[in-house]
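Residue numbers (UniProt numbering), protein chains in the order written: chain D, 1 to 350; chain R, 1 to 176.
Even for Gly, the Cβ is constructed at its ideal location relative to N, Cα and C.
Since we're looking at a predicted model, the values are computed, not measured.
Structure first, commentary second.
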Amino acid sequence: MAIEEPKQTLQDSKQANPNANTQNVDAVLFSPRFKSAAVMAGWDEEALIVATLVVEDTPDRQSKHKKRSDFVFKTPPSTNSRRKRRVQRRSPISTPVAPLKLDEEENSQQECKEESVEQKIDVKAERNTEVNEPLEQTPDVSCSSPSPALQCMDKLREELSCAICLDICYEPSTTPCGHSFCKKCLRSSADKCGKRCPKCRQMISNGRSCTVNTVLWNTIQLLFPNEVSEARKSAAGALNSQEDERGSPESGRRSNRRAQSVRPPMVISTRDAALAFRQQSEDLSRLVSMRTRRGTPSQSEDVALALRLQREQSMESFRRIRQQTRIPTPLSSARANLRAMASRAINIHR
Amino acid sequence: MMIGGGRSSSSSSTATAAGGTWVSTTSVSASGKRIQREMSELNADPPPHCSAAPKGDNLFHWVATIIGPPGTPYQGGIFFLDITFPSDYPFQPPKVVFKTRIYHCNVDAAGNLSLDILKDSWSPALTISKVLTAIRSVFSNPGPYSPLTSAVARLYLADKAKHDEIASEWTLRFAK
């Protein structure tokens, strides 16, 4: 807008003595095409100046438009400048729109990835359950068909196994020397074989109070959902039978509910009944292990009865949670996307 | 229902993985599970010149063989060993006894073996495969300073040629 003033003066001077300035004006204002057209039409200088006020030049001459719009700037702004302004107005918005569009076009899974970030725990666990089905055959297949992906899986299995039980690490605990074992295995090793690392024989200062290596544990849960769920089931079964021997299942269920309410983010995001069941059993086992550590139970009741009670209880919770489920559409779509991703990944593996 | 199904399927899968040498029972202890795993691993990837398998139905009682390493007086001999697993196996070492007579300073007449990893230096991370490999390395490198049969150790230190001669003679007599 600062350019306006000099142009205005130019215009003034032009009007003062048009004859002297027409050449200048010609040179400055008109494109060669316009000039040739004017010559062909036989226009004189005045007509040319008038023409500048009325006729639009070819649109490729940007500088000219600006000037002309300045000439006419008391009249409503010309379509050109409006268009330009619109472009300017649009530009800050339009630039970020482009990558978004690209994302949408490229992969719709991106969305569910974003969602998965929001509900990390939920989706992670969900993926477990979903990867379950397609991965089911891999452990058996891995022995027979030596495709590179499966070899890699075998190596991972070897790498993530506990050296003590030779199974996939269940709740791995890492020693100060950097070796990982099942928490339970490491604890019994510390109890029975002394507080030394089973692998490198370095001293373990806190053999008893070992903590779970969460990163490793989550990785294992993602990679070997079948093995983990199986181990979890058997662990929960063993512990639950103990727990039911101790007291009524009612107390267990109540404490379960309490334990769930302690961790609201997980429970709220949980819409999957299977996940809830697993979670519950985890809670139970934790609870039971705490209880059994405190005092030795009398263990006089029938184990079969205890197991049956435990099953009933878990089935009931399963049903209850299923009734509660109100699956929001984005979540279900995300789940579907995840399932698709998982199956695709499996296909690549094969 | 779920729990029972899961457990039985897991044990049956390991049994089939092990080549069906062992029929799964309803419940398997932690040590039994570990021994099963070792068995399937031994079948899948046996250590060189060694073998091991359960004797019969008892998972805790195995028979192993070691072939005498070349370049030793035990070369070509097949040595049988009895392995007995304790009930809390990975946390207690297995008991290994030579069933084949061997002229070795670390093995006594009853076949008992003095090997540190089978006693104080046992670690639950050790497996039968590793134990057999260790025993085989003892064939090549006897430990005469911690002997079970001091006479053999003395001869080994004093006159290795004579020791080797007797050892190869024993190998020929008992292990072939």
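Cβ closer than 7 Å: which chain R residues qualify as neighbours of residue i?
| i | result |
| --- | --- |
| A163/D | A125 |
| S188/D | F91 |
Using a Cβ cut-off of 8 Å (strictly closer), state whether residue i contacts chain D.
| i | result |
| --- | --- |
| P90/R | yes |
| A134/R | no |
| K95/R | no |
| K33/R | yes |
| T149/R | no |
| G19/R | At G19/R the pLDDT is 42, less than 50, meaning the model places this residue with poor confidence; the figure from the coordinates comes in the next sentence. No, its Cβ sits nowhere closer than 8 Å to a Cβ of chain D. |
| S129/R | no |
| S24/R | Residue placement at S24/R is flagged as unreliable, the pLDDT there being 42, under the threshold of 50; a coordinate-derived value is accordingly withheld. |
Is there a Cβ from chain R that is less than 8 Å from the Cβ of residue i?
| i | result |
| --- | --- |
| C177/D | no |
| P172/D | no |
| L166/D | yes |
| K192/D | yes |
| S142/D | Annotation note: pLDDT 42 at S142/D (below 50); position unreliable, no value reported. |
Can you name the residues of chain R whose CB is closer than 8 Å to the CB of residue i?
| i | result |
| --- | --- |
| K199/D | S123 and A125 |
Along chain D, which residues have their Cβ under 9 Å away from the Cβ of residue i?
| i | result |
| --- | --- |
| A52/R | Chain D residues near A52/R: none, gap ~15 Å exceeds 9 Å. |
Report the neighbours of residue i on chain D: residues whose CB is nearer than 8 Å to its CB, in chain order.
| i | result |
| --- | --- |
| S30/R | What sits at residue 30/R in the sequence shown is Ala, not Ser. Going along chain D in sequence order, the residues near A30/R (Cβ under 8 Å) are C165. |
| R37/R | C165, L166 and D167 |
Is it true that the CB of residue j sits closer than 8 Å to the CB of residue i?
| i | j | result |
| --- | --- | --- |
| F98/R | F85/R | no |
| P46/R | C105/R | no |
| A52/R | L42/R | yes |
| I83/R | A64/R | yes |
| D88/R | K192/D | yes |
| S333/D | P124/R | no |
| P69/R | F174/R | no |
| P225/D | I204/D | no |
| S150/R | S114/R | no |
| residue 178/R | G77/R | Here chain R has residues from 1 to 176 only, and residue 178/R is not among them. |
| I220/D | P90/R | no |
| E171/D | V212/D | yes |
| P54/R | D164/R | no |
| H179/D | C152/D | no |
Quick check on this structure: which residue in the options has the alpha carbon closest to the alpha carbon of residue i?
| i | options | result |
| --- | --- | --- |
| I166/R | R101/R, P48/R and F60/R | R101/R |
| T133/R | I35/R, L81/R, P54/R and Q36/R | L81/R |
| L166/D | P198/D, A304/D and N213/D | P198/D |
| K184/D | G178/D, S173/D and A336/D | S173/D |
| L223/D | A345/D, K195/D, C177/D and H179/D | A345/D |
| K95/R | I135/R, G76/R, Y103/R and G77/R | I135/R |
| K119/R | Y103/R, Q92/R, N141/R and D57/R | Q92/R |
| S229/D | K35/D, R33/D, S317/D and I168/D | I168/D |
| V107/R | G32/R, P142/R and W122/R | P142/R |
| N347/D | I164/D, A41/D and A149/D | A149/D |
| G237/D | S161/D, R311/D, V212/D and G42/D | R311/D |
| D57/R | Y74/R, G32/R and I66/R | G32/R |
| A231/D | R196/D, S161/D, N213/D and R33/D | S161/D |
| T214/D | F181/D, Q202/D, C200/D and R196/D | F181/D |
| C210/D | C200/D, K195/D, R201/D and N218/D | K195/D |
| I67/R | L155/R, A153/R and P48/R | P48/R |
| L156/D | R308/D, L338/D and L216/D | L216/D |
| V152/R | I128/R, A109/R and S121/R | A109/R |
| K233/D | A336/D, S314/D, S147/D and R339/D | S314/D |
Can you find a CB in chain A that lies within less than 8 Å of the CB of residue i?
| i | result |
| --- | --- |
| A30/R | Here chain A cannot be found, since the structure's protein chains are D and R. |
Just to confirm, does residue i get its C-beta within under 7 Å of one of the non-hydrogen atoms of the ligand FMN?
| i | result |
| --- | --- |
| K160/R | The model depicted lacks the ligand FMN and carries no ligand whatsoever. |
| field | Complete runs of the beta strand (DSSP E) confined to the UniProt domain "UBC core" (30-176) of chain R [at least 3 residues] | value | 50-54, 61-67, 78-84 and 95-98
| query | Counting only runs that start and end within the region 174-224 of chain D, where is the alpha helix (DSSP H) found for 4 or more residues in a row? | reply | As far as the region 174-224 of chain D is concerned, its whole alpha helix (DSSP H) runs of at least 4 residues are 183-193 and 214-223.
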